[in-house]
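Residue numbers (my numbering): 844 to 951. Before any comments, here is the structure.
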Amino acid sequence: MENKGLLFIPDISGFTRFVNEIELEHSHHIIQQLLEVLINANQAGFEISEIEGDAILFYKFGAPLELEVLYQQVERMFCEFHRHLNAYDQRKICQCHACVAAVNLTLK
């Protein structure tokens, strides 16, 4: 029996520097929120295999997704990720380095 599927791994760019060079308490909370944003933006029916640091290993078995559906999924996650960061930047009350630098993270 042949199993076909798709692996999809959104990964936060700038994560290592973010958690290693600034306040751990707030950086951990910010990363956790961003991973939740990505999980909630999953509209393509991906399953989660694991979450490791700053990346989520999504997978989906079966017929391949149409390219347009995959593009829409990538765009949705990217936009939701940055929408959350921009909103966080606008409403932050803490001026620690983690809270200030969070807006510099991106998604790859």
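From the three backbone atoms N, C-alpha and C, an ideal C-beta is built for every residue, glycine too.
Backbone CA spacing between residue i and residue j [nearest angstrom]
| i | j | result |
| --- | --- | --- |
| Asn-863 | Gln-915 | 33 angstroms |
| Met-844 | Val-912 | With a pLDDT of 45 at Met-844, under the threshold of 50, the modelled position of that residue is not reliable, and the figure given next carries that caveat. Using only the alpha carbons, I get a separation of about 26 angstroms. |
| Leu-850 | Val-917 | 13 angstroms |
| Asn-885 | Met-920 | 7 angstroms |
Reduced DSSP category for residue i - H, G, I as helix; E, B as strand; rest coil
| i | result |
| --- | --- |
| Ile-874 | helix |
| Glu-864 | helix |
| Asp-854 | strand |
Other residues of its chain near residue i: CB distance less than 6 angstroms, five sequence neighbours each side excluded
| i | result |
| --- | --- |
| Cys-942 | His-869 and Lys-935 |
Contact set for residue i: own chain, Cβ-Cβ below 8 angstroms, skip 5 residues either direction
| i | result |
| --- | --- |
| Gly-888 | Lys-903 |
| Ser-892 | Leu-900, Phe-901 and Tyr-902 |
Beta-carbon proximity check, residue i vs residue j, cutoff 8 angstroms
| i | j | result |
| --- | --- | --- |
| Ile-852 | Ala-898 | yes |
| Leu-950 | Ile-882 | no |
Quiz item: Is there contact here, the segment 871–889 with the segment 927–941, by at least three beta-carbon pairs under 8 angstroms?
Solution: yes
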